[in-house]
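Q: For what it's worth, our numbering labels the leading residue of the sequence shown as 2, then goes sequentially.
My structure is below; once you've seen it, I'll send some questions.
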Amino acid sequence: MLRIAIQKSGRLSDDSLKLIRECGISFISSSLKLKTESTNFPLEILFLRDDDIPGYVADGVADIGIVGQNVLVEEGMKHLSVEELGFSRCRLSLAIPKGENYTSLEDLNGKNIATSYPNLLESYLSERGIKAHIHTISGSVEIAPSIGLADAICDIVSSGSTLISNGLKEVERVFKSQAVLIANQDLSAEKKEILEKLLFRIHAVQRAQRAKYILLNAPNDKVAEISQLLPGVKSPTILPLAEEGWSSLHSVVNEDDFWEIIEKLKAAGAQGILVVPIEKMII
Ligand code: PRT
Ligand code: ZN
Numbered sequence: 002m003l004r005i006a007i008q009k010s011g012r013l014s015d016d017s018l019k020l021i022r023e024c025g026i027s028f029i030s031s032s033l034k035l036k037t038e039s040t041n042f043p044l045e046i047l048f049l050r051d052d053d054i055p056g057y058v059a060d061g062v063a064d065i066g067i068v069g070q071n072v073l074v075e076e077g078m079k080h081l082s083v084e085e086l087g088f089s090r091c092r093l094s095l096a097i098p099k100g101e102n103y104t105s106l107e108d109l110n111g112k113n114i115a116t117s118y119p120n121l122l123e124s125y126l127s128e129r130g131i132k133a134h135i136h137t138i139s140g141s142v143e144i145a146p147s148i149g150l151a152d153a154i155c156d157i158v159s160s161g162s163t164l165i166s167n168g169l170k171e172v173e174r175v176f177k178s179q180a181v182l183i184a185n186q187d188l189s190a191e192k193k194e195i196l197e198k199l200l201f202r203i204h205a206v207q208r209a210q211r212a213k214y215i216l217l218n219a220p221n222d223k224v225a226e227i228s229q230l231l232p233g234v235k236s237p238t239i240l241p242l243a244e245e246g247w248s249s250l251h252s253v254v255n256e257d258d259f260w261e262i263i264e265k266l267k268a269a270g271a272q273g274i275l276v277v278p279i280e281k282m283i284i
């Protein structure tokens, strides 16, 4: 049995549960329960505050966990990281009141900066030779300048709307973060094996998220040219259509290349292009 710690309620919770479910792992969850066991995979789920997850994993109370890189690195536990999960993307940024001039980081020399991430901020500033007074506060960091507590803040930004609504502007990006899977460094052979199985499933889910299944029709004399545009996993599947002189091509395209490829395919004579999501992808 492997024990995973995920955030009980917060920005990481839904996507963490969704990932576990997409890996085909079923469990009954209730907002009142602090732990639950899967009914079809040797996994127990603990629901905790995100800040406690790295410590519990390091101590072996949980074997693995899902947490933001910002919390992991702040707590000095980067070495536990196993896999980037691609969700809860955000950044830790420095921001100042929007009416103030800003030319470079030098402007923050000797200033008071409020943050919940003193370690990340301290190492960012000291690497750049800046000395500022860091005030550690645990929440509502964005109001610190307006109540006279600080000249600047260093906080998590995602859309940027919290900064705007508090009259602040982002001036430097200190750290880029996303959710990561972390693991205890001393897992038993049995637990390592379960973790490998889980990672295999996570990779299949992640690959599928980036990939799209594409089907299209093309005149036979264009098939070679269009196949060049559709490398797929190995090479495209080509099937004859009932209509003489036409074929159907099936392949996989990467979401990032998607629109560019579609344009090239149309230009090369492809018709009836269908693009459908893939649920799992094993190569
Ligand atoms: O109760 P618990 O301690 O478990 O949760 P928490 O309140 O400490 O954390 P939570 O749920 O707010 O965030 C969990 C993790 O989500 C963080 O550690 C980040 O890795 C990640 N994450 C992603 C974010 C954001 N986006 C985010 N926007 N964490 C916080 N915010 C906050 C930010 O602090 C600011 O107040 O949202 C505001 C900014 O958002 P925008 O969209 O207005 O820029
Ligand atoms: Zn927290």
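All residues carry an ideal CB built from backbone N, CA and C; glycine is no exception.
1) Going by the DSSP bridge assignment, what does LEU240 pair with across the sheet?
2) With DSSP as the reference, label SER1 as helix, strand or coil.
3) Using the C-alpha atoms, what's the distance from ASN218 back to ALA225?
4) Pick out whichever of SER166, LEU35, LEU44 has its Cα sitting closest to the Cα of ILE26.
5) Based on Cα-Cα distance, which residue from LYS132, GLY111, ILE157, ILE114 lies nearest to GLY69?
6) Please name the residue or residues paired with HIS136 in a DSSP beta bridge.
7) At which residues does the beta strand (DSSP E) containing SER17 begin and terminate?
8) Could you round the C-beta distance between ASN113 and ALA151 to whole angstroms and report it? I think they count as a contact, below 8 angstroms.
9) Buried or exposed: which applies to ASN221, given that a residue is buried once 16 or more other Cβ atoms fall within 10 Å of its Cβ?
10) How is the alpha helix (DSSP H) around TYR103 delimited, first residue to last?
11) Any heavy atom of the ligand ZN inside 7 angstroms of the beta-carbon of ASP15?
12) Flag this pair as yes or no: are the beta carbons of THR116 and VAL83 separated by less than 8 angstroms?
13) Measuring CA to CA, which of LYS223, THR163, GLU171 is closest to TRP247?
14) Whose CB is closer than 6 angstroms to a heavy atom of the ligand ZN? List the residues in chain order.
15) Are the Cβ atoms of ILE29 and LYS36 separated by less than 8 angstroms?
16) Using a Cβ-Cβ cut-off of 6 angstroms (strictly less than) and excluding sequence neighbours within five positions of VAL276, which residues of its own chain qualify?
17) So, is SER159 buried or exposed, given that buried needs 16 or more other C-beta atoms within 10 angstroms?
18) Do you know how far the Cα of CYS91 is from the Cα of GLY111?
19) Would you be able to state if there are at least three C-beta pairs under 8 angstroms between the stretch 173-180 and the stretch 244-262?
20) Look up ASN185 in the DSSP assignment and say whether it is helix, strand or coil.
21) Okay, do the stretch 92-101 and the stretch 165-172 touch, 3+ Cβ pairs below 8 angstroms being the bar?
A: On the basis of the coordinates in this document:
1) For the purposes of this step, residue 240 is taken as the residue at position 239 of the sequence shown. DSSP output for LEU240 lists SER249 as bridge partner(s).
2) Outside the shown range of the chain, which is 2 to 284, sits residue 1, and nothing can be said about it.
3) Here residue 225 is taken as the residue at index 224 of the sequence shown, counted from 1. Here residue 218 is taken as the residue at index 217 of the sequence shown, counted from 1. So the alpha carbons of these two residues sit roughly 13 angstroms apart.
4) Within the sequence shown, residue 26 is the residue found at index 25, counting from 1. Comparing Cα positions, the closest option is LEU44.
5) Along the sequence shown, one-based indexing puts residue 69 at 68. For GLY69, the nearest C-alpha among the options comes from ILE157.
6) Counting from one through the sequence shown, the residue named residue 136 turns up at place 135. Answer is ALA115, bridged to HIS136.
7) Sequence index remark: in the sequence shown, residue 17 carries index 16 (1-based). Per DSSP, SER17 belongs to no beta strand (DSSP E); it is in the alpha helix (DSSP H), 14-23.
8) Counted from its first residue, the sequence shown places residue 113 at position 112. Counted from its first residue, the sequence shown places residue 151 at position 150. Your pair ASN113 and ALA151 checks out as a contact, with CB atoms roughly 4 angstroms apart and the cut at 8 angstroms.
9) Along the sequence shown, read from residue 1 onward, the residue named residue 221 stands at position 220. Its Cβ having fewer than 16 others within 10 Å, ASN221 is exposed.
10) What you label residue 103 is simply residue 102 of the sequence shown in a count that begins at 1. Taken as a continuous stretch (DSSP letters only), TYR103 belongs to no alpha helix (DSSP H), as it is neither H nor E.
11) Here residue 15 is taken as the residue at index 14 of the sequence shown, counted from 1. Because no heavy atom of the ligand ZN lies under 7 angstroms away, the Cβ of ASP15 does not count as near it: no.
12) Residue numbering aside, residue 116 sits at position 115 when the sequence shown is read from its first letter. Residue numbering aside, residue 83 sits at position 82 when the sequence shown is read from its first letter. No, Cβ-Cβ distance for THR116 and VAL83 is not below 8 angstroms.
13) As a position in the sequence shown, residue 247 is number 246, starting the count at 1. Of the candidates LYS223, THR163, GLU171, the one whose C-alpha sits nearest the C-alpha of TRP247 is LYS223.
14) The set of residues with any CB-heavy atom separation to the ligand ZN below 6 angstroms comprises, in chain order, ARG50, ASP51, ASP52.
15) Position 28 of the sequence shown holds residue 29. Position 35 of the sequence shown holds residue 36. The answer is no: Cβ separation not under 8 angstroms.
16) Stepping through the sequence shown from its first residue, residue 276 is reached at position 275. If we look at VAL276 and ignore the five residues flanking it on each side, its Cβ neighbours are LYS213, ILE215.
17) What you label residue 159 is simply residue 158 of the sequence shown in a count that begins at 1. Counting Cβ neighbours within 10 Å, SER159 comes out exposed, since fewer than 16 surround it.
18) Locating residue 111 in the sequence shown gives position 110, counting from the first residue. Locating residue 91 in the sequence shown gives position 90, counting from the first residue. Cα to Cα, GLY111 sits roughly 27 angstroms from CYS91.
19) no
20) The residue labelled residue 185 in the question sits at position 184 within the sequence shown. DSSP places ASN185 in coil when its eight states are reduced to three.
21) Using a C-beta cut-off of 8 angstroms, the stretch 92-101 makes contact with the stretch 165-172, since at least three inter-stretch Cβ pairs fall below that distance.
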